[in-house]
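Encoded as C-alpha cells, the structure appears first; notes follow it.
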Amino acid sequence: MCAKRCSHYCRVWKLKGNSFLQHRISTEAARRVDYQHVPGPDQDVALHRAEEGGKLRTPERILVIRLSSLGDVVLASVVIGAIKRRLPQALLSILVKSEYAGLYSCDPRITHVIPLHPGHPHLLQLVRSLRKKNFDTIVDIHSNLRSLLIRNLVSADRKVHYHKRHLIRWAMVHLKWLNFQPRHTVDLYLDAVRGLGIRDSPRKPKLYVDATTRHRVRDLLIESGLSGDDILVGVSPGARWKAKRWRAEGFASVCDSLLQRRETKVLILGDKDDVPFVREILSWMRRRPIDMTARLDIQELMAAISFCRLFLSNDSGPMHIATALGVPVVSIFGPTHPKLGFSPLGEKDIVISRNLSCSPCSLHGEGDCRLKRRICMEQITPEMVLEALERLLPH
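By the working numbering, the letter at position 323 of the sequence shown is numbered 333, and the numbering carries on one by one without gaps.
Spelled out as C-alpha cells, the structure:
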C-alpha cells in the first residue's frame, strides 16, 4: 500500500513539472466536464413529450434538494427562481438541513420548506414523509451520499441532479491549474434543470426577508444607536474554517477607520462559534461598533444584513446572503480562490485576493497552511480593504 501511494505521488510530482502534459490534461478535462454538464437532447425531448401529453407530465410538484452548507443553500435560490419562471404553477418544495430552513421560511416561491433533522431515524421518517407528497420531479443540487439516498428512495417521474467538477477542482487545488475560466457553481446548478426547459435564467441569488422580523431587528439596531441617517456597514469576520478568516487586527483597523467617517456605523455579525474571534477584534479596536454576534437567528441575520449599505466578509455564507439581498459585498479570499466557483455574484461586488502561487490550498479552506503562515491573508492589508470599501460607499 505504501509503495503504491509513493508511486502515485511520484507520478503527480512528475506531472506537476511537465507543462505540456498539464495543458493536454487540463484541456481534455475541461472538455469532458463541459460535455458532462450539458444535458443531452433526451431531456428536452422528455419535456416536449410531457407538454404534448405524452408519457411524462409537465412538472407540477417539484422537490429541490440542497441540504447544506449556508452559502450553497443560498445559491440554491437561483434554481428556485429559474424553476418558478419556467413553471409558475408548479408547487415547489425545498429540502434543507433544519438550521438553514429559515432562509426560505417566507419565500413566496416556495410552497413547503422541509427540514432535515440530524440522525438516521429522522432520515428514514423523512423519506416516508416525502413519499406521501407524490413529487413528480426531484432536483438534487447537492449530489452527496445522503441526497443520493433520498433521491433514490423517493419515487418521481423525473429526477435530475448536479454534476460536481471533481477532476477540475482537484487540478485547481493540487496542481494550481488556474489558466482557464471555470464555471460558477450556480451555472452548474442551472445545468441540472435544463431538462425542464430552463434557458438563460438570471444567475444572481435572491432571498426574502419577513417584514415582522425586519421591524424587530430595526428596533434592535435603533436601541444600539443606529439613526435614520446613518450609513450601516455590515462586517462578518467569521468563517466555517479558521484559515479563511482574515486577521483580527486587520478587521479592527478597518472598522475603526470606517467609524471615523461621519454618519457611519459598523455592525458586526456572526454565530456562537465566532464569539472568541470577535472578542479579539474588539480588543484591538479604539471605537465601539454595534456587536450582534450570536444574538440573531438566521432570519434575523438576513434582516440585519438587509439594512446594510455595504457588507465586508471573508469567503463565507453571509457573503452570499448579502448578495442575495442586493447589498454590495467586499469579500476577502485567502486559502480559497474565486475561480473555484463560489465568488459573490453581485454587479458591484469586489473580491480581494492575492493570487499567490500556493493558492488555492484547499477547496473550502479546511486544513492548516502548508507554509505554516498564511501569506495569502498577511499580504492583504487594511489599506487594500478600505480602498475597496471606499469605492462602494456613498461620498
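Just so you know, even glycine gets a beta-carbon here, dropped at the ideal spot from N, CA and C.
These figures come from a predicted structure and were not determined experimentally.
Exercise for the section: Using alpha carbons as the reference points, say which of I360, R272, F343, G377 lies closest to F321. Expected result: Selected option, being the one with the closest Cα: I360.
Handout entry: K358 (DSSP reduced to helix, strand or coil)
Key = Correct three-state label for K358: coil.
Exercise for the section: Take I315 and list the residues in its own chain whose beta-carbon comes closer than 8 Å to its own, dropping the five residues that flank it on each side. Expected result: Same-chain partners within the cutoff: G244, L279, F321, P328, I331, A332, L335, V337.
Practice task
Spell out a yes or no on whether the stretch 220 to 230 and the stretch 86 to 104 are touching, meaning 3 or more CB-CB pairs, one atom from each, closer than 8 Å.
Solution key: The answer is no - the stretch 86 to 104 does not touch the stretch 220 to 230, with fewer than three Cβ pairs under 8 Å.
Exercise for the section: Measure the alpha-carbon distance for L399 versus T121 and round it to whole angstroms. Expected result: Answer to the nearest angstrom: the Cα atoms are 38 Å apart.
Handout entry: Distance, R255 Cα to S78 Cα
Key = When rounded, the distance between both Cα atoms is 20 Å.
Handout entry: CA nearest to the CA of I241, picked from V395, L136, R271
Key = Minimum Cα distance to I241 is reached at R271.
Handout entry: Assigned exposure category for N324 - 16 Cβ within 10 Å defines buried
Key = With 16 or more Cβ atoms within 10 Å of its Cβ, N324 is classed as buried.
Exercise for the section: Identify, in the order they occur along the chain, each residue of the same chain with its Cβ nearer than 7 Å to the Cβ of L136, setting aside the five sequence neighbours on each side. Expected result: Around L136, the same chain offers L126 as residues with beta carbons nearer than 7 Å, after the five sequence neighbours per side are excluded.
Handout entry: Identity of the residue in L269, H405, D220, K349 nearest C116 by Cα
Key = Of the candidates L269, H405, D220, K349, the residue whose Cα lies closest to the Cα of C116 is D220.
Exercise for the section: Please determine, among Y114, N144, I178, the residue with the shortest C-alpha to C-alpha distance to E70. Expected result: Among Y114, N144, I178, the Cα nearest to that of E70 is on N144.
Practice task
Identify, in the order they occur along the chain, each residue of the same chain with its Cβ nearer than 6 Å to the Cβ of P354, setting aside the five sequence neighbours on each side.
Solution key: The residues M329, T333, V339, S341, in chain order, have a CB closer than 6 Å to that of P354 in the same chain once the five nearest residues on each side in sequence are set aside.
Exercise for the section: Enumerate in chain order the residues of its own chain whose CB-to-CB distance from T406 is below 6 Å, with the five nearest sequence positions on each side excluded. Expected result: With the chain running from 11 to 405 in the structure shown, residue 406 is simply not present.
Handout entry: Cβ neighbour criterion (16 or more within 10 Å) applied to R384
Key = Classification for R384: buried.
Handout entry: Where F287 falls: helix, strand or coil (DSSP)
Key = The answer is helix: DSSP assigns F287 an H, G or I state.
Handout entry: Of the listed residues P215, D197, L159, nearest to K349 (C-alpha basis)
Key = Taking only the C-alpha atoms, the option nearest K349 is D197.
Practice task
Tell me, to the nearest whole angstrom, how far the beta carbon of I148 is from that of V164; I am working on the premise that it is less than 8 Å.
Solution key: Confirmed, Cβ separation roughly 6 Å.
Practice task
Return the CA-CA distance between P247 and D146, expressed in angstroms with no decimal places.
Solution key: When rounded, the distance between both Cα atoms is 42 Å.
Exercise for the section: Tell me whether I104 is buried or exposed, calling it buried when 16 or more other Cβ atoms sit within 10 Å of its Cβ. Expected result: I104 should be labelled buried.
Exercise for the section: State buried or exposed for R289, treating a residue as buried only when at least 16 other CB atoms are found within 10 Å of its CB. Expected result: Exposed: under 16 other Cβ atoms inside 10 Å.
Handout entry: Through-space distance from C368 to L80, alpha-carbon basis
Key = Roughly 27 Å separates the two Cα atoms.
Exercise for the section: Note down the Cα distance separating L200 from R168, rounded to an integer number of angstroms. Expected result: Straight-line spacing of the CA atoms in L200 and R168 works out to 16 Å.
Handout entry: 8 Å Cβ shell around I72 - same chain, five flanking residues per side excluded
Key = Hits under 8 Å: I93, L97, A100, L101, L102, S103, F145, D146, T147, I148, V149.
Exercise for the section: Could you tell me the distance, in whole angstroms, from the CA atom of E397 to the CA atom of K382? Expected result: Using only the alpha carbons, I get a separation of about 29 Å.
Exercise for the section: Give me the Cα-Cα distance between L133 and L292, rounded to the nearest whole angstrom. Expected result: Here the alpha carbons of L292 and L133 stand approximately 41 Å from one another.
Practice task
Have a look at D82 and Y172 and give me their C-alpha separation to the nearest angstrom.
Solution key: Between the alpha carbons of D82 and Y172 lies a distance of about 12 Å.
Problem - DSSP-derived helix/strand/coil call for C386 - result: Three-state result, C386: helix.
Handout entry: 8 Å Cβ cutoff met for L217 and L85
Key = Contact: no.
Practice task
Alpha carbon to alpha carbon, how far is K142 from V395? Give it in angstroms, no decimals.
Solution key: For the pair V395 and K142, the Cα-to-Cα distance works out to about 51 Å.
Handout entry: Beta-carbon proximity list for V22, same chain, < 7 Å, skipping 5 on both sides
Key = For V22, the predicted structure reports a pLDDT of 44, less than 50, and the residue's modelled location is therefore unreliable. A value from the coordinates is still provided. There are no such residues.
Problem - For P118, the nearest candidate out of I124, I90, M295 (CA to CA) - result: Among I124, I90, M295, the Cα nearest to that of P118 belongs to I90.
Practice task
Within its chain, find whatever has a CB closer than 8 Å to the CB of C265; leave out the 5 residues flanking it on each side and keep chain order.
Solution key: Closer than 8 Å at the Cβ level, and outside the excluded window around C265, lie V245, V276, I278, I291, M295, R297, P299.
Practice task
Could you pull the start and end residues of the beta strand (DSSP E) that R324 belongs to?
Solution key: Residue identity differs from the one stated: residue 324 is Asn in this sequence, not Arg. Start and end: 320 to 324.
Exercise for the section: Taking the CB atoms as reference points, tell me whether C386 and L403 lie closer together than 8 Å. Expected result: It is not a contact, given that the beta carbons lie outside the stated cut-off.
Exercise for the section: Give the DSSP-derived three-state secondary structure of T274 in the structure shown. Expected result: Strand, per DSSP.
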